[in-house]
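Residue numbers (UniProt numbering): 1 to 121.
For glycine and all other residues, C-beta sits at the position ideal for the given N, C-alpha and C.
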């Protein structure tokens with residue numbers, strides 16, 4: 001059972017983020033896009049945090065966040081976007097979907113590990 005789900009279509013980013021988190025004592029699962037992320041969340045109720053890209057094929061991260069809250073009815077999982085996107089409109093859409101944080105790539109693990117651990121509980 002994973003604590004954190006890393007959702008990104010880039011295997012490089014998935015591996016970088018996941019390896020850092022695992023190196024800090026957290027268990028990690030991976031998904032390749034929003035559709036895959038939704039399926040993993042349905043299958044693993046132990047996931048407390050999703051670290052998710054915005055721009056992905058099949059289903060983008062913001063749509064996935066909206067579906068987590070709507071279709072899955074999951075209000076408890078924390079969602080952080082890790083993306084190159086920084087537009088106020090996208091951030092507002094994320095906030096409306098219950099996104100707790102917005103990190104602009106590149107990923108700086110040491111800068112966010114304290115917040116990540118708090119969100120995992």
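Asked	Found
If you draw a straight line from the C-alpha of residue 53 to the C-alpha of residue 26, how long is it?	19 Å
Tell me whether the segment 86 to 100 and the segment 51 to 71 touch, counting them as touching only if at least three CB pairs, one residue from each stretch, are closer than 8 Å.	yes
What do you reckon, are the CB atoms on residue 108 and residue 85 nearer than 8 Å?	no
So what does residue 84 bridge to, in DSSP terms?	BP columns for residue 84 are empty, so no partner.
Tell me where the beta strand (DSSP E) around residue 31 begins and ends.	28 to 31
Look at the Cβ atom of residue 74, then the Cβ atom of residue 41, and state whether they are nearer than 8 Å.	yes
Tell me the rounded alpha-carbon separation between residue 46 and residue 104.	26 Å
Among 11, 13, 9 and 18, which residue has its Cα nearest to the Cα of residue 2?	18
Spatial neighbours of residue 4 within its chain, please: CB distance less than 6 Å, with the 5 preceding and 5 following residues excluded, ordered by chain position.	21, 26, 28 and 49
Whose C-beta lies closer than 7 Å to the C-beta of residue 44 among residues of the same chain, with five residues either side of it excluded?	1, 2 and 29
Measure the CB-CB distance between residue 31 and residue 23 and report whether it falls below 8 Å.	no
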